[in-house]
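This note's numbering applies: residue -2 is where the sequence shown begins, and numbers increase by one.
Note that CB positions come from ideal geometry on N, CA and C, so glycine has one too.
Small disclaimer: the values here were computed from a predicted structure and weren't measured.
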Amino acid sequence: MIANPEWRWRALAVAAGALPILTFPRADLGWAAWIVLAPGMALMRFGNGREPAVRGWCFGTGYLFAALYWTLPNIGPALLLVALVFGTLWGVWGAAVRWLVPEHPLAALLVLPSGWVVIELVRSWPKLGGPWAVLGASQWGSPATLELARLGGVWLVSFVLVLVNTAVLLVAVTRRWRYLAAVALVGAGPAVQATREEPDPGRPLSVALVQPGVIHGPAARFDAGERITATLPPTDLIVWGESSVGFDLRRRTDLTARLAALAARGDLLVNEDARDAGGRISKSTVLIGANGPRARYVKTRLVPFGEYIPFRSGMGWLARVSAAAAEDRVPGSGAVTMRAGGTTVGPLICFESAFPDLGRAVVRRGAQVIVYQSATSTFQKSWAPAQHASLGAVRAAETGRPVVQAALTGVSAAFDARGRRLTWQDTAERGAVALTLRLPDPASRTPYVRFGDYVAYLAVLVSAGAAATRSRKIVAVWHKMPGMG
């Protein structure tokens, strides 16, 4: 089997699939996203029968394994299974590359980006785990490119990136530069949009993000957050990270009183990660004012394996061989908004920053700023904390709202309403970072907030149409074969 030359090509496809991870933090070679898919696509062009689909599957497996490598402590051996299962989505895409390039160039420029977006949409479904390393998120450091997110969400950014990669492959195969010229025309609109005038700055909102670092033990962690907060000047809004309070505040009135005293400096958002009186565990954002708790949000989208095990009846054994969740957290019922710091904020928790629809949901409920609370202590030495923080830029551009993330252990970050970075407190830093946000007009709505995931749904229609066309051709060929008429 090893001597089979196809296995060498398949190994190259796995390696080619791993390359896109370099476009995300920490490597952060975002510019490479415009060309990084082309080598893998070139491999899919060759081979007979099912081989292009097999190479597409290998590509997808490499992509997911590289993108999710940091989950090994929680998933353990299931990571390879996850990569292999979801990698099959790229098998169909690989077959489409072989079918369309170079014989049907215009169709390739429409169908291949659409197919990629459909793959991202499928794996973003919460019941299948949720999104990570969506290709469009690699452009978090390019505000001009993020104008696309304002128009059509991260889906449109991914679409355009794959469009350019397809054009690069077509040029390499046909030596016809007109394909890149057509792509340049497509990108002219967002480029012009990026030069639009800044709206009149809204009222300022002072925010402090508290980052005590990796501290073991809920009491010591609470004390550290309290100590840092006590040094802050008066601030509109103070945000602690995820799991910053490891006690049930409904039963610990002594801790509630200490937090209320801190809230004399400004409204305080903490995050409770504790077992309640009924024995259940949830993660909750709690808004504390000078008079005590005022509002609560329970995390809705849980981290697969980290906070629950999908299909626990069949996969519960993972908890015995890895750091997967020993018991499932209880999810909340949906996004909410709170009145804090004199404005309406949309609180979301950690992994929820990966979901475009949640940011859109809180803005449609009136949020003028989106607040994420996070903790990535298990993954401090991986690329995950930086990748996680970078998602705030994408959500800001999509919604036209400033985004802040307070991470218990870093990275804490903030972005303005166009996704431009305002502050970045890395994992090695401790203390608080203070900044001032300019709030947008509460009535303003980006096209993405208004129209939602229309790009993704159009991609589904295009892909379905292409699949139907291909199926009809296969059937027609089948009936023309001798004895099949």
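Item, Value
"On the DSSP bridge list, what partners appear for residue 290?", "285"
"Can you give the Cα-Cα distance for residue 116 and residue 222, rounded to whole angstroms?", "41 Å"
"Residue 277 and residue 284 - do their beta-carbons sit closer together than 7 Å?", "no"
"If you draw a straight line from the alpha carbon of residue 418 to that of residue 140, how long is it in whole angstroms?", "9 Å"
"Which residue or residues does DSSP assign as beta-bridge partners of residue 403?", "370"
"How should residue 181 be labelled, buried or exposed, when 16 other C-beta atoms within 10 angstroms of its C-beta is the threshold for buried?", "exposed"
"Write down the C-beta distance between residue 394 and residue 359 rounded to the nearest angstrom, noting that I regard them as a contact closer than 8 Å.", "Residue 394 to residue 359, Cβ: 15 Å. No contact."
"Can you give me the Cβ contacts of residue 246 inside the same chain, cut-off strictly under 7 Å, excluding the 5 residues immediately before and after it?", "252, 253, 269, 283 and 290"
"Answer yes if the region 436 to 454 comes into contact with the region 226 to 242, meaning at least three C-beta pairs across the two stretches below 8 Å, and no otherwise.", "no"
"Quick one: what's got a C-beta closer than 6 Å to residue 91's C-beta in the same chain, skipping five residues either side?", "41, 49, 50, 52 and 53"
"Is it buried or exposed for residue 553, if we count other Cβ within 10 angstroms and need 16 for buried?", "The requested residue 553 does not occur in the structure, where the chain is confined to residues -2 to 482."
"Using only CA atoms, which one of 455, 431, 346 and 243 lies nearest to residue 107?", "455"
"Mind checking who residue 335 pairs with in its DSSP beta bridge?", "342"
"Tell me whether the beta-carbon of residue 342 lies closer than 7 Å to the beta-carbon of residue 372.", "no"
"Would you kindly check if the distance between the Cβ of residue 32 and the Cβ of residue 159 is under 7 Å?", "no"
"Check each candidate in 138, 62, 428 and 152 and name the one with the smallest Cα separation from residue 114.", "152"
"Helix, strand or coil: which one does DSSP assign to residue 223?", "helix"
"Which residues share a DSSP beta bridge with residue 432?", "204"
"Is it a yes or a no for the region 398 to 416 touching the region 232 to 248, going by three-plus beta-carbon pairs under 8 Å?", "yes"
"Which first and last residues belong to the beta strand (DSSP E) in which residue 409 is found?", "409 to 412"
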